[in-house]
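A.B. asks:
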Amino acid sequence: MSRLDPATLGRRLDDLLGTGERLIRGVPESGMDLEAPTGDGRIRDVAFRLFRLGQCYADGMDTARFSDDWRSETAPDDLRDGASVARYAALVRGRLGGWFEGASAREFARIIGAPGGPRSGHDLLEGVCADAEAQLERLRAGLARIGPV
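According to my numbering, the residues represented by the sequence shown are 4 to 152, in order.
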């Protein structure tokens, strides 16, 4: 099995976050507080966690410790509508883009403390991409519940 290189994985993560950003942007506040059918809380929390995951990756690579707390975090009170969550997404994507732009191959070989035990930055990125894909599917399921916006 061939692994994707970190640059490809970084683009994949940005694509996933970009898709989530586009999906959530037009959702009104009334739709954001509906419960997602996946049992993951409100739609705004599901969306927030998708983008928070990207922020956690960059932070984890900078501090050599990846936290799994993003799974239970809820959206801050000021992220009430889709536009505000999309702005947060854009900030996260900018942060990640800058991080990837400056990262050398050595960064991905570093060992990062993570739930389940230490992992290389490359292995962690593969896991983050898989988690982001699953979180995006949860968001899609929640948005399907409220219909077109």
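Ideal placement from N, C-alpha and C gives every residue a C-beta, glycine not left out.
Here's the rule: buried if 16 or more other CB atoms are within 10 angstroms of the residue's CB, otherwise exposed. What is Met-4?
C.D. replies: By 1-based counting over the sequence shown, the position of residue 4 is 1. Reliability fails at Met-4, whose pLDDT of 48 lies under 50, so the model's placement of it is uncertain and the value that follows must be treated cautiously. The residue is exposed, with fewer than 16 neighbouring Cβ atoms inside 10 Å.
A.B. asks: Counting pairs of beta carbons, one from the stretch 112 to 120 and one from the stretch 69 to 77, are three or more of them closer than 8 angstroms?
C.D. replies: Yes: the two stretches touch, three or more of their Cβ pairs being nearer than 8 angstroms.
A.B. asks: Look at Ala-137 and Pro-40 and say whether their C-beta atoms are less than 7 angstroms apart.
C.D. replies: As a working note, residue 137 is residue 134 in the sequence shown. As a working note, residue 40 is residue 37 in the sequence shown. No, they are not a contact pair.
A.B. asks: Going by Cα to Cα distance, which pick from Ile-27, Asp-48 and Leu-94 is closest to Ala-61?
C.D. replies: Taking the first residue of the sequence shown as position 1, residue 61 is located at position 58. Nearest C-alpha to Ala-61: Leu-94.
A.B. asks: Quick one: measure Cβ to Cβ for Ala-135 and Leu-56, integer angstroms, because I've assumed they're closer than 8 angstroms.
C.D. replies: Counting from one through the sequence shown, the residue named residue 135 turns up at place 132. Counting from one through the sequence shown, the residue named residue 56 turns up at place 53. Correct: roughly 6 angstroms between the Cβ atoms.
A.B. asks: Taking the alpha-carbon positions, what's the Ala-67 to Arg-113 distance?
C.D. replies: The residue given as residue 67 occupies position 64 in the sequence shown. The residue given as residue 113 occupies position 110 in the sequence shown. Going by the C-alpha atoms only, they are around 8 angstroms apart.
A.B. asks: Could you tell me if Gly-100 is buried or exposed, where buried requires 16 or more neighbouring beta carbons within 10 angstroms of its beta carbon?
C.D. replies: Locating residue 100 in the sequence shown gives position 97, counting from the first residue. With fewer than 16 Cβ atoms within 10 Å of its Cβ, Gly-100 is classed as exposed.
A.B. asks: Return helix, strand or coil for Met-4, following the three-state DSSP convention.
C.D. replies: What you label residue 4 is simply residue 1 of the sequence shown in a count that begins at 1. In this predicted model, Met-4 has a pLDDT of only 48, less than 50, meaning its place in the structure is not dependable; the value taken from the coordinates is given anyway. Looking at Met-4 - three-state DSSP - the assignment turns out to be coil, as it is neither helix nor strand.
A.B. asks: Report the option in Arg-14, Gln-58 and Asp-81 whose CA atom is closest to the CA atom of Asp-36.
C.D. replies: In the sequence shown, counting from the first residue as 1, residue 36 sits at position 33. The option with the nearest alpha carbon to Asp-36 is Asp-81.
A.B. asks: What residues in its chain sit with their C-beta under 7 angstroms from that of Thr-22, if we drop five residues either side in the sequence?
C.D. replies: Numbered from its first residue, the sequence shown carries residue 22 at position 19. Cβ neighbours of Thr-22 beyond the five flanking positions: Leu-139.
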